[in-house]
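Counting with the working numbering, you get residues 67 to 147 for the letters of the sequence shown.
C-beta: ideal position from N, C-alpha, C; glycine also.
Computed from a predicted model, the values in this text were never measured in an experiment.
The next block holds one structure in the form of structure tokens; read it before the comments.
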Amino acid sequence: MRTTIRLEDQLLAEAKALAARTGRTLTQVIQDALQQALAPPGDRTARPLKLPTFDGRGVRPGVDLDDSGGLLDLMEDHARP
Numbered sequence: 067m068r069t070t071i072r073l074e075d076q077l078l079a080e081a082k083a084l085a086a087r088t089g090r091t092l093t094q095v096i097q098d099a100l101q102q103a104l105a106p107p108g109d110r111t112a113r114p115l116k117l118p119t120f121d122g123r124g125v126r127p128g129v130d131l132d133d134s135g136g137l138l139d140l141m142e143d144h145a146r147p
């Protein structure tokens, strides 16, 4: 369906920039925003989060990522002068 809406210039510019950054059309950006705004509070899903990754040699020997207490001890030891 085709319709006309009035948007503030700055809001339209930001929506167009988001569309360009994400490879979507302006229509898709507006539809996604409306769907999220109209969804019941419990149904709102978080956007995927992109975390930076780095090449490296992995975890140091003796470090157990499932042992939060041990990790805290290692970090505290490392922080002490």
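In this structure Val95 is buried. Its beta-carbon is surrounded by 16 or more other beta-carbon atoms within 10 angstroms. Under the three-state reduction of DSSP output, Thr88 falls in the helix class. Apart from sequence neighbours up to five positions away, the residues of its chain that approach Val125 with a beta-carbon distance below 8 Å are Leu131, ordered along the chain.
A distance below 8 Å separates the beta carbons of Leu92 and Ala81.
Counting only the Cα atoms, Gly89 lies some 42 Å from Pro127.
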